[in-house]
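Note sheet for the following structure.
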Amino acid sequence: MIKAVLREPQGTSVVVLGLSGENMTRLMADEPIVLNLAELGLPPQRILLMGGRTEEAITARLTQLYGPPPAAKKDKPR
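So for the sequence shown, numbering that gives the first Met the number 0 puts the first residue at 0; every next one is plus one.
Pasting the structure below:
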């Protein structure tokens with residue numbers, strides 16, 4: 000995985016997470032990726048990346064790991 004922080008011309012920070020094919024395979028095999036933004040020089044905040052065939056599958060796995068979500072939001076289909 001590529002992890003970086005880029006600065007846009009107006010000074011806004013952009014966090015870049017570049018996932019390889021191997022990362023995608025692991026995500027779809029129910030192996031979440033956890034990283035701490037402090038590794039990038041940002042305030043310490045942990046980020047969890049998950050993959051799944053459906054939003055429902057991801058929500059079910061999160062519920063197994065962390066308990067029921069407090070009203071999880073999901074994107075509307077385009």
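For each residue, glycine too, the CB sits at the ideal point set by N, CA and C.
Residue burial is scored here from C-beta neighbours: G50 has at least 16 other C-beta atoms within 10 angstroms and is therefore classed as buried. CA-to-CA, the gap between E30 and R60 works out to about 11 Å.
For G17, the uninterrupted beta strand (DSSP E) segment begins and ends at 12-17. From the listed residues S12, N22, L48, the smallest Cα separation to P42 is found for S12. Each of E55, E7, L34 was checked against the Cα of G17, and the nearest Cα belongs to L34.
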